[in-house]
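>
Numbering (our numbering), first residue to last: 201 to 783.
#1: DSSP puts residue 509 in a beta bridge; with which residues?
#2: Just how far apart, CA to CA, sit residue 471 and residue 376?
#3: Quick check on residue 364: buried or exposed, where buried means 16 or more other Cβ atoms within 10 Å of its Cβ?
#4: Are the region 491 to 499 and the region 579 to 587 touching by the rule of at least three beta carbon pairs closer than 8 Å?
#5: How is residue 408 classed by DSSP in three states: helix, strand or coil?
#6: Using the DSSP secondary-structure output, state which residues sit across from residue 414 in a beta bridge.
#7: Which stretch, first to last residue, makes up the alpha helix (DSSP H) that contains residue 348?
#8: Should residue 577 and residue 540 be called a contact, given that it needs their Cβ atoms to be closer than 8 Å?
#9: Please report the Cβ distance between residue 617 and residue 511, rounded to the nearest whole angstrom; I am assuming they are in contact, meaning their Cβ atoms lie under 8 Å.
#10: Where do the ends of the alpha helix (DSSP H) carrying residue 679 lie?
#11: Suppose contacts are defined by Cβ-Cβ distances below 8 Å. Is residue 606 in contact with residue 524 by that definition?
#12: When you compare each of 415, 299, 459 to residue 784 by their alpha carbons, which one comes out closest?
#13: Measuring CB to CB, does residue 389 end up less than 8 Å from residue 411?
#14: Given a threshold of 16 other Cβ atoms within 10 Å of its Cβ, counted over all protein chains shown, does residue 207 qualify as buried or as exposed?
#15: Thinking residue 662 and residue 647 are a contact (beta carbons under 8 Å), I'd like their distance in whole angstroms, please.
#16: Helix, strand or coil: which one does DSSP assign to residue 327?
#17: At which residues does the alpha helix (DSSP H) containing residue 704 begin and terminate?
#18: State whether the region 701 to 713 contacts the region 666 to 685, with contact taken as three or more CB pairs (one from each stretch) at a distance under 8 Å.
#19: Where does residue 437 sit, in a helix, a strand or coil, going by DSSP?
#20: Let me know if residue 311 comes out buried or exposed under the rule of 16 or more other beta-carbons within 10 Å of its beta-carbon.
#21: Thinking C-alpha only, which one of 326, 474, 286, 383 is nearest residue 640?
#22: With respect to the alpha helix (DSSP H) encompassing residue 395, which residues constitute its N-terminal and C-terminal limits?
#23: Drop a sphere of 10 angstroms on the beta-carbon of residue 409, count the other beta-carbons inside from all chains shown, and report buried for 16 or more, exposed for fewer.
#24: By Cβ distance, which residues of its chain are closer than 7 Å to residue 287, with the 5 residues on each side in sequence left out?
#25: Take the Cβ of residue 179 as the centre, count every other Cβ of all protein chains shown within 10 Å, and call the residue buried at 16 or more, exposed below.
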């Protein structure tokens, strides 16, 4: 009897196991690779992994005989990753690039969610490894490997806008600004196989340049736009690494992140101009860049003051500020002036003397005292509103607070505009669309082409026609002189200077309109008005026998480095992406 009961229980257990196998199979059935290469199907868990991008590390691509594989299978994935990082460090020091690439690929399989792996390896292949080869074709292939690696990282981390940004940056900056940019851009335009791969990720029909071939700047912009879509859907720019206080811990600021789609359009416009696509193609490119830049100016951005701003607030809010201020002044009358006089009368004697002393004659102590006193003399709208007549005081206080909020928004917007040189690029897009600018670019292009034929006369004539056009532009927009982009023009001026030297003519010639650019970018250049014992090209004579005022003239030639310049921290090449390989 007891034996029968034991047997019955075993039968029941076996039946229950069989019954449970059915739902377990439905839930945990693995996904399979479809004909198009995508992962699909499978059980409920597999479908949830696909839906929420919760894929597991692919241990099948790790060396099965390695210690890291043994550790990973035993659940010690972190230790295995540390071993691989140590090897990566070793291979990098030894310049063993193939083994470095293979090792970092294994790390990416162990830690597919570790964003630094993808960023470091993508940068490493595209920037560091590529330059180790002499042939630009081989360098281009390694740049592509870096791009492909970043693309793979995106498949594992679809909610990381920073990776989309890295792809956009590499396409534009590495292919469009490297020393081999002419060759890289040509190779990219002809790389049909690469274009076919990219067509699966970005719309290639909107990346075509004037030759009807994909352009690297426009492809990079599409990756930026994909990153923007993620951010606009609510994904933090800096990825998922946020702490319990919701503070973002890494990545690009919104101000910089969102500036790059229009900046890449500007770089595209400049690139096709340098390649000789002038006239309508260039004007359309700069027009599109200007429209995109204005859209960027209308985008809501966070600020450190706790409220959102738009860069265009400086212009759009000013009329409202003027209207509210006029109404406010009508209510308070001379109250603000009265408060100012009271504050001035209450200043210590030393502070009043410091303020009354001309700025050029102040001592260091008086400079500090004057600044402090000036701050004490500030009259706020709230102070004036508190003294308004009783019957309008409440209304005046509301107006004062509104006026202060508006001015705070304008001030915050203006500070952010300066960080991205918003006004400069706004002017630049407008100027580059003019016929004068197109003609200036065409003359420089013609002069540079004549250089290949060693045709000095044509070079000289074309350059001088270009200087006339550029002179008109800088006369109307002098702010464009003191910007990094005018440095390209300075390089053309240097080529013109070489032509003049070979023709044994004086530089600059009479009436040369671009001397301020030479003076701004060449610290050794001495303006014509200050010359004495200097060569024909404005450089100091090394064998000058006269002492006269030559040293004084040299000392007078200084560059004012306090002038604001258009800058963009993300447009300068970096030596390293900023990631350290863990020990």
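Glycine is no exception: its CB is placed at the ideal position from the N, C-alpha and C atoms.
Predicted model, so just to flag it, every value in this text is computed and none were measured.
Taking the coordinates as given:
#1: 501
#2: 8 Å
#3: buried
#4: no
#5: strand
#6: 408
#7: 336 to 356
#8: yes
#9: 5 Å
#10: Segment: none, residue 679 is in no alpha helix (DSSP H) and carries neither H nor E.
#11: yes
#12: With the chain covering 201 to 783 only, the question about residue 784 has no answer from this structure.
#13: yes
#14: exposed
#15: 4 Å
#16: helix
#17: Element bounds for residue 704: n/a, residue is neither H nor E.
#18: yes
#19: coil
#20: buried
#21: 474
#22: 392 to 398
#23: buried
#24: 303
#25: Residue 179 lies beyond the stretch modelled for the chain, which goes from 201 to 783, so this question has no answer here.
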